[in-house]
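So the structure is just underneath, and the comments pick up after that.
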Amino acid sequence: MEGETTCYLPIQNGFLTPLIPRSSAAGSFIDLKNLFKETRPDAVIHAAAQSDPNLCQKNRDTSYRINTEAAINIARFCSDLGIPCLFISSDLVFDGLNPPYSEEDEPSPLNVYGEHKLMAEIGMKNQCASIVICRMPLMFGSSGPTGSSFLQPLLRQMRLGMEVNLFVDEFRTPLSGENAVEGLMLALERLPDVIHLGGLERISRYEFGKLVMDVFNFRNAKLNPCRQQEIQMAAPSPRDVSLTNAKAMKMGFQPDPVKLSLERIKAVGNEKV
Ligand SMILES: NC(=O)c1ccc[n+]([C@@H]2O[C@H](COP(=O)([O-])OP(=O)(O)OC[C@H]3O[C@@H](n4cnc5c(N)ncnc54)[C@H](OP(=O)(O)O)[C@@H]3O)[C@@H](O)[C@H]2O)c1
581 MEGETTCYLP IQNGFLTPLI PRSSAAGSFI DLKNLFKETR PDAVIHAAAQ
631 SDPNLCQKNR DTSYRINTEA AINIARFCSD LGIPCLFISS DLVFDGLNPP
681 YSEEDEPSPL NVYGEHKLMA EIGMKNQCAS IVICRMPLMF GSSGPTGSSF
731 LQPLLRQMRL GMEVNLFVDE FRTPLSGENA VEGLMLALER LPDVIHLGGL
781 ERISRYEFGK LVMDVFNFRN AKLNPCRQQE IQMAAPSPRD VSLTNAKAMK
831 MGFQPDPVKL SLERIKAVGN EKV
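Okay, here's the thing in C-alpha cells:
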C-alpha cells in the first residue's frame, strides 16, 4: 500500500483515481472542499497521515492538524455528499498490554500518533454516519516511484552489511501492502463500523528481520537482537499491539503468511539485492 498509492483515493464509477497532489489535500479546509466538489467521489479512502510516531511526538500541533483535524473535515465532506468514508487507522491506538486486540477492545494509546488517530476515529464518527474505521497493523511492501515502507531501509542496511538492531520484545501482526489493499476494498464493500486487518502471524521485529534476511538471501546481514528499553525514541512504543482478524476473515479477508508476501515482493524485482 504505502502513502503514494493510498494518500487520498476518491472512488468514482468504481475506480480509484490517481493520487491527488499534496497541494490540494490535507493542507486547507477550502482546498479540500473544492476537491470534493470537483471530483464528486462515490467513496473516499483517507490514508494520508503524518505516520512517523516520533515526528508526531515532537510536533504535536502538526500531527493534530494532519492526523485528526483533516480527517474530521474529510468525514464531514463525505457526510455532505452522503458517501462512505473509509479511514485508515492504526494498531497504535492500543497500549500493547492486553493483546491480541479485537474490535471490541477499548483503545488506550501510548503516544501522540495513536492519540491523534483515535481522536480522528471519534471525531469522524460524529461527523459521518457511514464511516468505516480500518485499524491496520505494521505494513510492508514494494517500493514505488516515491513511496516505500520500513522494509526498504531494512533491506538497504542488510545489503550493505550494516548492523541492524531489531526488537525481540516488540510484537506486531504485519501485513503486506497488497493484502492491505484487498482488506480495505473488502471493507468498502461491506461497510463495517470498525474492522481490524491484522496479518496471519504475531511476530517480533527481530523475527521479521530474520525472514527478510532469509528470503532476500543476505548471508552477511548483521542482525542484533535487542530490547525496547535499550533504544531511546521520542515516542513510547507499545510492546505488543497484535490485531485479531477473525471479523475480517469472516468477511472473506485472506492475508498471506509474511514469508510468502516477502517472496512476492522479491519477485516483483523493485528492491536492490
Ligand atoms: N505503514 C504502516 O505500517 C502503518 C500501520 C498502521 C497504519 N498506517 C496508516 O496507513 C496510512 C498509510 O500509511 P503509510 O505508511 O503509507 O504512510 P506514509 O508512507 O507516511 O504516507 C503518508 C502519505 O500521506 C501524505 N501526506 C502527509 N501529510 C500530508 C498533507 N498535509 N497533505 C497531503 N498529503 C499528506 C504523504 O504525502 P507525501 O508523500 O507528499 O509526504 C504520503 O503520501 C496512514 O494513515 C498511516 O497512519 C500505516
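Taking the numbering used here, I'd label the letters of the sequence shown as residues 581 to 853. We treat Cβ as the ideally placed atom computed from N, Cα and C, and that holds for glycine. This structure is a prediction, so every number in the text was calculated from the model and none was measured.
_A627 and I668 closer than 7 Å at C-beta_ = yes
*Nearest CA to the CA of M831: which residue from G789, R844 and I775?*
I775
*Pull up the distance between the alpha-carbon of Y786 and that of L746, whole angstroms please.*
5 Å
*From the DSSP output, in three-state form, read off V838 for me.*
helix
*Opening and closing residue of the alpha helix (DSSP H) in which L731 lies*: Judged by DSSP secondary structure, L731 falls within the alpha helix (DSSP H) whose first and last residues are L731 to R739.
*Under a Cβ-count criterion, where at least 16 other Cβ atoms within 10 Å of its own Cβ denotes burial, should Q630 be classed as buried or exposed?*
buried
*Stretch pair the region 656-674 + the region 609-627: three plus CB contacts closer than 8 Å*: Yes, since at least three Cβ pairs between the region 656-674 and the region 609-627 fall closer than 8 Å, the two stretches touch.
_Length of the line joining the Cα atoms of S855 and Q808_ = Beyond the ends of the chain as shown, which are 581 and 853, falls residue 855; an answer cannot be given.
_Between which two residues does the beta strand (DSSP E) holding S659 run?_
Unbroken run through S659 is the alpha helix (DSSP H), A650 to L661; no beta strand (DSSP E).
*Should M765 and N634 be called a contact, given that it needs their Cβ atoms to be closer than 7 Å?*
no
*How would you write the range of the alpha helix (DSSP H) that N614 sits in, first residue to last?*
F609 to T619
*Within the same chain, show all residues whose beta-carbon is closer than 6 Å to that of G539, passing over the 5 residues directly before and after it, in chain order.*
The structure shown does not extend to residue 539, since the chain spans only 581 to 853, so no value can be given for it.
*What's the C-alpha gap between A709 and Y644?*
22 Å
_Considering only heavy atoms of ligand 1, does any lie closer than 6 Å to the CB of A760?_
Distances taken from the Cβ of A760 to the heavy atoms of ligand 1 include none shorter than 6 Å.
*Residue range of the beta strand (DSSP E) that P772 falls in?*
That residue, P772, is in no beta strand (DSSP E); it is neither H nor E in DSSP.
*Any non-hydrogen atom of ligand 1 within 6 Å of M813 CB*: M813: no, Cβ never under 6 Å from ligand 1.
*Take V853 and list the residues in its own chain whose beta-carbon comes closer than 6 Å to its own, dropping the five residues that flank it on each side.*
F796
_Going by C-alpha to C-alpha distance, which of R819, N706, D675 and P679 sits closest to V692?_
If we check each option's Cα against that of V692, D675 comes out closest.
*Tell whether a beta-carbon distance below 7 Å holds between P805 and V744.*
no
*Starting from N691, follow its DSSP beta bridges and name the residues at the other end.*
None; N691 has no bridge partner.
*Classify E810 as helix, strand or coil using the three-state DSSP reduction.*
helix
*Going by the beta-carbon positions, is the gap between V712 and A651 smaller than 7 Å?*
no
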